[in-house]
Amino acid sequence: MNFINVVDYAGTFAFAISGIRLASAKQFDWFGAYVVGLVTAIGGGTLRDLLLNVTPFWMLQPSYLVITGLALVCTILFGKWIIRLNNTFFIFDTIGLGLFVVVGIEKSIEAGFPFWVTIVMGMITGSVGGIIRDILINEVPLIFRKDVYALACVLGGVVFYVCTLTGVADELTQVLSALSVIVMRILAVKYHLGLPALKSAESNENSK
Amino acid sequence: MNFINVVDYAGTFAFAISGIRLASAKQFDWFGAYVVGLVTAIGGGTLRDLLLNVTPFWMLQPSYLVITGLALVCTILFGKWIIRLNNTFFIFDTIGLGLFVVVGIEKSIEAGFPFWVTIVMGMITGSVGGIIRDILINEVPLIFRKDVYALACVLGGVVFYVCTLTGVADELTQVLSALSVIVMRILAVKYHLGLPALKSAESNENSK
Amino acid sequence: MNFINVVDYAGTFAFAISGIRLASAKQFDWFGAYVVGLVTAIGGGTLRDLLLNVTPFWMLQPSYLVITGLALVCTILFGKWIIRLNNTFFIFDTIGLGLFVVVGIEKSIEAGFPFWVTIVMGMITGSVGGIIRDILINEVPLIFRKDVYALACVLGGVVFYVCTLTGVADELTQVLSALSVIVMRILAVKYHLGLPALKSAESNENSK
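Here it is, written out as structure tokens:
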């Protein structure tokens, strides 16, 4: 429990930092940056909870708002320093992603949904925050064009399902599912793996 | 029932294709295109179900995810060919719109809302998917500027209400409502009918 | 009750006008402008009600749709004239904001949430409509960069909480909370007060 909390909070912090940094590149004021950071960190889980018809998780305890506040203060105080930690944040962000996916899957199982819904919910939990972030800063969402972010979430869901089917213990299932997300994303970024872009129908036509 | 299912699935397919094609013009990767296609197809019904406080329809059976997958595979395999089917897709899309509107109205009536809410829900079901699609590809939503898409949805709702008031049988009401959406949209596109643009307050001022 | 209704409707009207005017600058057609005006007016309260899991307020009575329709008709008929009323609308808009925040806070208290959630809900009620408006017209949301719109909502929430803690009567609490929002926003606009922009991490780096 304690360990999961630590990872959850670290992931929240990393997601918030990613939102705040992108907002700062658009000259948002402090409050705007805070909102973008918060939405990046809690947006996915909020949509998941709305779809599952349960109270959004961040309304049950103030930790997520506080952690985002800390992320803002850190960015204001240590802006330069934080850039050099790019790799550290990538690791946080990726571990957070793995955990967010597992949390999303478990909440959906508790709510009684079949496995394919839980996989979608895991993906929503992990990736929708970043999509809303990119909409707020008026950019085409990054995950639609770069690395295998969302696909890693799907893989995590499939691993979770296979583990459940084959009777793997609950704790091990969680760890394996999160690990598969983390490893797939790290490999994809390291080796520049990605899905092919969909060839534009129009450019196909022109190249005849 | 069977016939409605066929139309529903055809409409879903056409909506998904429209999302995938627009995503491909922005060089989204396969997964990004899938997400945009899916959101185009299910976004309106999802917002409707959240507002009505019922479980989103696509979480109850996997058909919609599968159909969007088929739409992606078709676009990857038959990209060129699909362009030539522009008119076919326009027909699918328009029939799907008519059906989506009727489904939205009926779900809202079942949930016990008055007629003006059901008209709004019919419109949300038919048009919000396309709005989210355009936000995701970072364009100003098309329906705010072109043809009478959303207005056709409102007409369908009014026809539905008038039929109900005058005691028309349920099945006939559904058919007439969907038909009015379909006919109005086809006429609007064929004869370039549309609402006037709102004159910019600023340009008014300048033209004094 | 009557007085609050008048202010609520005037605020809705002012919010709708702000959406319709921005839509007209982008050449939206009448219906598109109506939708943007409506979403500006009801978007914040709708998200609040979804998060609180209650029926969205505008689905319970048609006033908000009708008022937005009036706002559209006024803009079409009196476009030029309305520009000269800029200050009048700023006052409406600001009073509406104060009231929306108080309504948001009270609904969240009724739903049984702790004070920090009610502050967030007050802010969501007051500011999310404007954020969705800016997303629909494909601009970076204004409130992230200009004046202290959202921060004024937070101040209103804090005043509300302090009043409750110190046993101030309910009606007075509402008035003081709304007034603090209104006064803070007017002062901020009059004296060009605002939060500092977050310095871009990247530009920091470059300026070394």
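Chains as they are written, first to last, in our numbering: chain A, 6 to 213; chain B, 6 to 213; chain C, 6 to 213. In this text, a Cβ means the ideal position worked out from N, Cα and C, and glycines have one as well.
| Asked | Found |
| --- | --- |
| Cβ of residue 140 of chain B within 8 Å of any chain A Cβ | yes |
| CA-to-CA distance, residue 126 of chain A to residue 132 of chain A, given in whole angstroms | 10 Å |
| Exposure of residue 149 of chain B, with buried meaning 16 or more beta-carbon neighbours within 10 Å | buried |
| Any C-beta of chain B under 8 Å from that of residue 148 of chain C | no |
| Residue 30 of chain B (DSSP reduced to helix, strand or coil) | coil |
| Option in B:195, B:144, B:112 with minimal Cα separation from residue 162 of chain B | B:112 |
| Whole-angstrom distance between residue 136 of chain B and residue 157 of chain B, CA atom to CA atom | 16 Å |
| Cα-Cα separation, residue 26 of chain B to residue 38 of chain B | 8 Å |
| Helix, strand or coil at residue 116 of chain C according to DSSP, with G and I counted as helix | coil |
| As assigned by DSSP and simplified to three states, the class of residue 212 of chain B | A caution first: residue 212 of chain B carries a pLDDT of 37, below 50, which makes its placement in the model too unreliable to give a value. |
| Best match in C:134, C:100, C:92 for proximity to residue 43 of chain C [C-alpha to C-alpha] | C:134 |
| Inter-stretch contact (C-beta, 8 Å, three-pair minimum) for the region 50 to 59 of chain B and the region 97 to 116 of chain B | yes |
| CB contact flag (residue 47 of chain A, residue 63 of chain A, <8 Å) | yes |
| Chain C contact for residue 31 of chain A (CB, 8 Å cutoff) | yes |
| Limits of the unbroken alpha helix (DSSP H) element including residue 47 of chain C | 35 to 57 |
| Backbone CA spacing between residue 200 of chain B and residue 45 of chain B [nearest angstrom] | 24 Å |
| CB of residue 204 of chain A within 8 Å of CB of residue 101 of chain B, strictly | no |
| Residue nearest to residue 118 of chain A in terms of C-alpha spacing, selected from B:66, B:17, B:15, B:16 | B:66 |
| Cβ separation of residue 97 of chain A and residue 16 of chain A, assumed to be a contact under 8 Å, to the nearest whole Å | 7 Å |
| Short-range partners of chain C found in the region 111 to 130 of chain B, where Cβ spacing is below 7 Å | 118, 121, 122 |
| Nonlocal neighbours in the same chain, by C-beta distance under 6 Å from residue 185 of chain A, ignoring five residues either side | 160, 161, 164 |
| Chain B residues whose Cβ lies nearer than 7 Å to that of residue 199 of chain A | 34 |
| Classification of residue 124 of chain C by the beta-carbon crowding that lies within 10 angstroms, buried from 16 upward | buried |
| For residue 155 of chain A and residue 198 of chain B, the rounded distance between their alpha carbons | 41 Å |
| Exposed unless 16 or more other CB atoms sit within 10 angstroms - verdict on residue 141 of chain A | buried |
| Contact list for residue 70 of chain A against chain C, beta-carbon separation under 8 Å | 121, 125 |
| Any C-beta of chain C under 8 Å from that of residue 145 of chain A | no |
| Selected residue, minimal CA-CA separation from residue 22 of chain B, among B:80, B:177, B:189, B:182 | B:80 |
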